[in-house]
Each structure stands twice: as structure tokens, then as C-alpha cells.
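Engineer:
Structure representation (C-alpha cells):
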């Protein structure tokens, strides 16, 4: 339960690296697009700008999703789970592509007969996206 | 990309605690129910039993979801992301309740005017669920 008057960012349980997992879901179709991570600063920037700003663990810096590809995510709604350690963003995905492989969703492989099988098509060649 | 013939479990990138985040999504409605964690053993058990078996970080043991509440999750489909470090389960949620608070989804709070507001009703009193 929320303590009355507590600042919303102070209720967020970041892990021991200062991060929280964030699920991005297409606000219209309900399709799950990706999971990435935010720190306190990127979470604050996300609400301030209205666009998803993650923390890139591989690059060790703020990552305004779409800064290179143009595939930004407009935040429609932000949800919080019972344990206060996961965020759900309902977004409008610009370009209809969330994945760096040029697919709509990062979850394009499905387990079939003990194999991961690609079940979703590439919409746009990454070479065209990233130049 | 999958290396041909590589065992599916060997492609999974567990974190330094041996865990991977798993999103559970209602297979029919597309609603996101919860996010929990699995280790290699629980992931193998999930595919073997056809029901979600997580790793409880708080209790430090395998957690067959619904073992106390009866609210098991039948796995309809399993997806894998591009970085091979997140799993998506599409499930049939028994009882229509995934959250220990008695709600359908754990993501029952929404950010409004810088406050987390409860926007989803309790379906069943947790006292009745857990006895």
C-alpha cells in the first residue's frame, strides 16, 4: 500500500545495482515489446519527457529509446506491481518496431520441440534502421 | 540466433545469481499478470510439467505457482527475447487471480498526478485464498 503523501519515486524498490526491470507493452494491441532496465534518473526522465528513457547496462549510460533508430516509445500509462520492484509501461511504439533486429517485438522466438524457433518476421533491415 | 542443435536451456543467459526474469501474460486477454524469476531447474520443471514453476527469491526455493492458492498457471506458449535474458510465458491463469493480493494482475497501481493509485479491484480476499 502507498504511504500517504510519499513521493512516488521513493516507493520504487531498485535492486542492488540501482535498477528496476521495465516491461514495455503496446498500449493498443497488448503485445509485449521488450524488457529493459531503468535507474532512478531514467525513470524520472521518462515521466518528465513522456518517452521511455532506459538505463543501458551494456553501455553504462542513459538510453533514450529511439535516439538512433527514431523508434521512440510514447508512454501512455505507467503501472507498478505489488512488490514495488517492476514497472509496466503501456506505450505507443513509433515505427512499429521495438527490437534492434528490426522486429516489432524482442520476443520473436518460441520454444517448439525443445528448440527456440523464430516466429516473427523482420519488418525492416537493421542496416536501414541504424544506417 | 540459435546455434543449430544447441540445447535450448544452454542458450539462456542467467544473471550472476543464476536467475532470469519471466513475464507471465494472460494468453487470451494479453493482460500482463506478473513478473517473477526462474533458475535453470525451475525453467526445466516449467516445460516438463506445463505449469509455471518459479524461483522464490524471498524464500530461496522452488515455487510452483499456485501450490498454496490453487492459482496455477498453465503454460500455453514460451517466448525468448533477442538478448536471451528474458522469458515470456503466455498462460491460462487458474482462478483468474495471479496476485497474492487477490487481484487478477500484480500491476494494479497506476501513476496519476505523481501518485501510485490502485486502479484494479480485489477479486477475492487473500484470507480466503490462503486460509
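Chains as they are written, first to last, in the numbering used here: chain Y, -12 to 118; chain W, -12 to 118.
Glycine is no exception: its CB is placed at the ideal position from the N, C-alpha and C atoms.
Within this structure, are the beta carbons of residue 74 (chain Y) and residue 116 (chain Y) separated by less than 8 Å?
Structural biologist: Mapped onto the first chain, residue 74 (chain Y) falls at position 87. Mapped onto the first chain, residue 116 (chain Y) falls at position 129. Not a contact, by the Cβ cut-off of 8 Å.
Engineer: Counting C-beta neighbours from all protein chains within 10 Å, is the total for residue 3 (chain W) 16 or more, i.e. buried, or is it exposed?
Structural biologist: On the second chain, residue 3 (chain W) is found 16 positions in, with the first residue counted as 1. That one is exposed.
Engineer: I'd like the list of long-range same chain contacts for residue 81 (chain Y), defined as Cβ closer than 8 Å, with 5 residues on each side in sequence excluded.
Structural biologist: Numbered from its first residue, the first chain carries residue 81 (chain Y) at position 94. Taken in chain order, the residues that qualify are 53, 57, 58, 59, 60, 61.
Engineer: Taking residue 20 (chain W) as the reference, which of W:113, W:92, W:105 has the closest Cα?
Structural biologist: For this step, residue 20 (chain W) is matched to residue 33 along the second chain. Measuring C-alpha to C-alpha distances from residue 20 (chain W) to each of W:113, W:92, W:105 identifies W:92 as the nearest.
Engineer: How far does the alpha helix (DSSP H) with residue 41 (chain W) in it extend, from its first residue to its last?
Structural biologist: On the second chain, residue 41 (chain W) is found 54 positions in, with the first residue counted as 1. Element bounds for residue 41 (chain W): not the alpha helix (DSSP H) but the beta strand (DSSP E), 40 to 43.
Engineer: List the endpoints of the continuous beta strand (DSSP E) containing residue 64 (chain Y).
Structural biologist: Here residue 64 (chain Y) refers to the residue found at position 77 when the first chain is read from its first residue. In this chain, the beta strand (DSSP E) harbouring residue 64 (chain Y) covers 60 to 67.
Engineer: What are the complete beta strand (DSSP E) segments, minimum 3 residues, inside the stretch 4 to 58 of chain W?
Structural biologist: 7 to 13, 19 to 25, 40 to 43, 48 to 51
Engineer: Compare the C-beta of residue 25 (chain W) with all C-beta atoms of chain Y and state if any pair is closer than 8 Å.
Structural biologist: By one-based count along the second chain, residue 25 (chain W) stands at place 38. No, residue 25 (chain W) lies away from the interface with chain Y (no Cβ there is under 8 Å from its Cβ).
Engineer: Are the CB atoms of residue 76 (chain Y) and residue 10 (chain Y) nearer to each other than 8 Å?
Structural biologist: On the first chain, residue 76 (chain Y) is found 89 positions in, with the first residue counted as 1. On the first chain, residue 10 (chain Y) is found 23 positions in, with the first residue counted as 1. Result yes, Cβ atoms of residue 76 (chain Y) and residue 10 (chain Y) sit closer than 8 Å.
Engineer: Tell me the residue span of the alpha helix (DSSP H) that contains residue 114 (chain Y).
Structural biologist: Translated into positions along the first chain, residue 114 (chain Y) becomes position 127. Residue 114 (chain Y) -> alpha helix (DSSP H) spans 113 to 117.
Engineer: Which stretch, first to last residue, makes up the beta strand (DSSP E) that contains residue -5 (chain W)?
Structural biologist: Here residue -5 (chain W) is taken as the residue at index 8 of the second chain, counted from 1. Counting along the chain, residue -5 (chain W) falls outside any beta strand (DSSP E), and DSSP gives it neither H nor E.
Engineer: Drop a sphere of 10 angstroms on the beta-carbon of residue 118 (chain W), count the other beta-carbons inside from all chains shown, and report buried for 16 or more, exposed for fewer.
Structural biologist: As a working mapping, residue 118 (chain W) is identified with position 131 in the second chain. Counting Cβ neighbours within 10 Å, residue 118 (chain W) comes out exposed, since fewer than 16 surround it.
Engineer: Can you tell me the Cα-Cα spacing of residue 78 (chain Y) and residue 22 (chain Y), whole angstroms?
Structural biologist: Within the first chain, the letter at position 91 stands for residue 78 (chain Y). Within the first chain, the letter at position 35 stands for residue 22 (chain Y). Whole-angstrom Cα-Cα distance: 13 Å.
Engineer: Among residues of its own chain, excluding the 5 on either side of residue 39 (chain Y), which ones have a beta-carbon nearer than 7 Å to its beta-carbon?
Structural biologist: For this step, residue 39 (chain Y) is matched to residue 52 along the first chain. Excluding positions up to five away in sequence, the list reads 11, 33, 52, 60, 62, 76, 78.
Engineer: Checking 8 Å against the spacing of the C-beta atoms, do residue 107 (chain W) and residue -2 (chain W) come in under that value?
Structural biologist: Residue 107 (chain W) sits at position 120 when you count from the first residue of the second chain. Residue -2 (chain W) sits at position 11 when you count from the first residue of the second chain. Cβ distance not < 8 Å, so residue 107 (chain W) and residue -2 (chain W) don't count as in contact.
Engineer: Taking C-beta to C-beta, are residue -5 (chain W) and residue 66 (chain Y) nearer than 8 Å?
Structural biologist: Within the second chain, numbered from 1, the residue matching residue -5 (chain W) stands at position 8. Within the first chain, numbered from 1, the residue matching residue 66 (chain Y) stands at position 79. The answer is no: Cβ separation not under 8 Å.
Engineer: Roughly how many angstroms lie between the CA atoms of residue 45 (chain Y) and residue 13 (chain W), to the nearest whole one?
Structural biologist: For the purposes of this step, residue 45 (chain Y) is identified with residue 58 of the first chain, where counting begins at 1. For the purposes of this step, residue 13 (chain W) is identified with residue 26 of the second chain, where counting begins at 1. For residue 45 (chain Y) and residue 13 (chain W), the distance between alpha carbons rounds to 31 Å.
Engineer: Would you mind sorting residue 89 (chain Y) into buried or exposed? The rule is 16 or more other CB atoms within 10 Å of its CB.
Structural biologist: Working through the first chain from its first residue, we reach residue 89 (chain Y) at position 102. Counting Cβ neighbours within 10 Å, residue 89 (chain Y) comes out buried, since at least 16 surround it.
Engineer: Quick one: which residues of the stretch 60 to 89 of chain Y get their C-beta closer than 8 Å to a C-beta of chain W? List them in chain order.
Structural biologist: 64, 65, 66, 67, 68, 69, 70, 73, 75, 86, 87, 88
Engineer: Smallest Cα separation from residue 87 (chain Y): which of Y:1, Y:112, Y:64, Y:104?
Structural biologist: Here residue 87 (chain Y) refers to the residue found at position 100 when the first chain is read from its first residue. Checked all of Y:1, Y:112, Y:64, Y:104; the closest Cα to residue 87 (chain Y) is Y:112.
Engineer: Using C-beta distances below 7 Å, list every residue in its chain close to residue 85 (chain W), excluding the 5 sequence neighbours before and after it, in chain order.
Structural biologist: For the purposes of this step, residue 85 (chain W) is taken as the residue at position 98 of the second chain. Hits under 7 Å: 11, 20, 21, 58, 91, 92, 93.
Engineer: Does the Cβ of residue 16 (chain W) have 16 or more other Cβ atoms within 10 Å, making it buried, or fewer, making it exposed?
Structural biologist: Along the second chain, read from residue 1 onward, the residue named residue 16 (chain W) stands at position 29. Residue 16 (chain W) should be labelled exposed.
Engineer: Who are the near neighbours of residue 110 (chain Y) in its chain, counting only those whose CB is closer than 7 Å to its CB and skipping five residues on each side?
Structural biologist: Numbered from its first residue, the first chain carries residue 110 (chain Y) at position 123. Excluding positions up to five away in sequence, the list reads 83, 84, 89, 90, 91.
Engineer: Please name the residue in Y:-7, Y:114, Y:29 whose C-alpha comes closest to that of residue 50 (chain Y).
Structural biologist: Translated into positions along the first chain, residue 50 (chain Y) becomes position 63. Checked all of Y:-7, Y:114, Y:29; the closest Cα to residue 50 (chain Y) is Y:29.
Engineer: Determine which residues share a DSSP beta bridge with residue 105 (chain Y) and list them.
Structural biologist: Taking the first chain and counting its residues from 1, one reaches residue 105 (chain Y) at position 118. Residue 105 (chain Y) pairs with Y:96.
Engineer: Straight-line CA distance for residue 96 (chain Y) to residue 35 (chain W)?
Structural biologist: Sequence index remark: in the first chain, residue 96 (chain Y) carries index 109 (1-based). Sequence index remark: in the second chain, residue 35 (chain W) carries index 48 (1-based). Taking the straight line joining both Cα atoms gives about 19 Å.
Engineer: Output yes if chain W places a C-beta closer than 8 Å to the C-beta of residue 4 (chain Y); else output no.
Structural biologist: For the purposes of this step, residue 4 (chain Y) is identified with residue 17 of the first chain, where counting begins at 1. No - not a single Cβ of chain W is within 8 Å of the one on residue 4 (chain Y).
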